[in-house]
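To start, the structure under review is shown below, and the notes come after it.
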Amino acid sequence: MTKFADIKGFVFDLDGVITDTSVLHGTAWHQLADYLGVAWSKELADGLKGISRMDSLEMILKAGGKENDYTPEQKVELAAKKNTNYVAEVDKMTPANILPGMKAFLDDIRDKGYLLSLASASKNAPRVLAKLELTDYFPEIVDPASLKHGKPDPEIYTKGAQLLNLDPAQCVGLEDAAAGVQAINAAGETSLGIGDATELGAADMVFADTSLVTLANIEKHMA
Numbered sequence: 693m694t695k696f697a698d699i700k701g702f703v704f705d706l707d708g709v710i711t712d713t714s715v716l717h718g719t720a721w722h723q724l725a726d727y728l729g730v731a732w733s734k735e736l737a738d739g740l741k742g743i744s745r746m747d748s749l750e751m752i753l754k755a756g757g758k759e760n761d762y763t764p765e766q767k768v769e770l771a772a773k774k775n776t777n778y779v780a781e782v783d784k785m786t787p788a789n790i791l792p793g794m795k796a797f798l799d800d801i802r803d804k805g806y807l808l809s810l811a812s813a814s815k816n817a818p819r820v821l822a823k824l825e826l827t828d829y830f831p832e833i834v835d836p837a838s839l840k841h842g843k844p845d846p847e848i849y850t851k852g853a854q855l856l857n858l859d860p861a862q863c864v865g866l867e868d869a870a871a872g873v874q875a876i877n878a879a880g881e882t883s884l885g886i887g888d889a890t891e892l893g894a895a896d897m898v899f900a901d902t903s904l905v906t907l908a909n910i911e912k913h914m915a
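This note's numbering puts the sequence shown at residues 693 to 915.
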């Protein structure tokens, strides 16, 4: 087990760790469903979590019995329309959308000389950081377009450490999803899960919510 004293950097996921954009994705899909004349439901909303944009679109079309109504080209246009809706929601974000305790944690680790990078699969991550006024905290961001594999493959976290010129063993990765924790572990980094301890049982440490993520608590877990 890596010792706390060996840690030199932190590699962050974005959604569910720094802010919660899943609500915005939900709003954007709801808007598209309304446009398509498909009834929105909690079941449909829950089914879209964590799946790709095109798969989400197919699920909405299927729910409305419209899966054969559009050509592949039209489906690409509909997915782009959803992204336009989403970006409009992102543009309403402010620093008030940073999850509890996370700004204080970012300030603390930066002030103490730790290095930070962002490992988000979202192409909109730089835009989200700008709205949260956190761009300066993350000079190093993994470019999702450069990745060949998605989580739970370790590639995104391996690159997050490489951008900091650190060995993965010198990094803590922060995640709110089981696939992300798997990716951190496979990259050889210390995994910090935020959320349900049962779901994130593979993590080296789990905190119930972001407000508990502090250097003092991490040190306790790694001691």
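Where is the CB? At the ideal position from N, CA and C, for every residue including glycine. Small disclaimer: the values here were computed from a predicted structure and weren't measured.
Taking 8 Å as the cut-off, decide whether the C-beta atoms of residue i and residue j are in contact.
i: I910; j: V864; result: yes
i: A853; j: V730; result: no
i: A879; j: P846; result: yes
i: A771; j: R745; result: yes
i: L892; j: A871; result: no
i: L798; j: L826; result: yes
i: V834; j: A811; result: yes
Quick one: grab the DSSP three-state call for residue i.
i: E891; result: coil
i: M693; result: coil
i: L866; result: strand
i: T906; result: coil
i: T882; result: strand
i: D859; result: coil
i: V709; result: coil
i: G718; result: helix
Starting from residue i, follow its DSSP beta bridges and name the residues at the other end.
i: G833; result: Strictly speaking, residue 833 in this sequence is Ile, with Gly absent from that position. According to DSSP, I833 bridges with L810.
i: M897; result: L884
As a quick exercise: from the options, pick the residue whose alpha carbon is nearest that of residue i.
i: T694; options: Q862, L907, T906 and L866; result: Q862
i: D901; options: S838, E867 and L821; result: E867
i: H717; options: Q766, A737 and D726; result: A737
i: K767; options: P787, L728, V820 and P831; result: L728
i: A908; options: G842, K773 and D800; result: D800
Exercise for review: Just list the alpha helix (DSSP H) runs in the region 727-800, keeping only unbroken ones of 4 residues or longer that don't cross its boundaries, in chain order.
Suggested key: 734-739, 745-755 and 764-782
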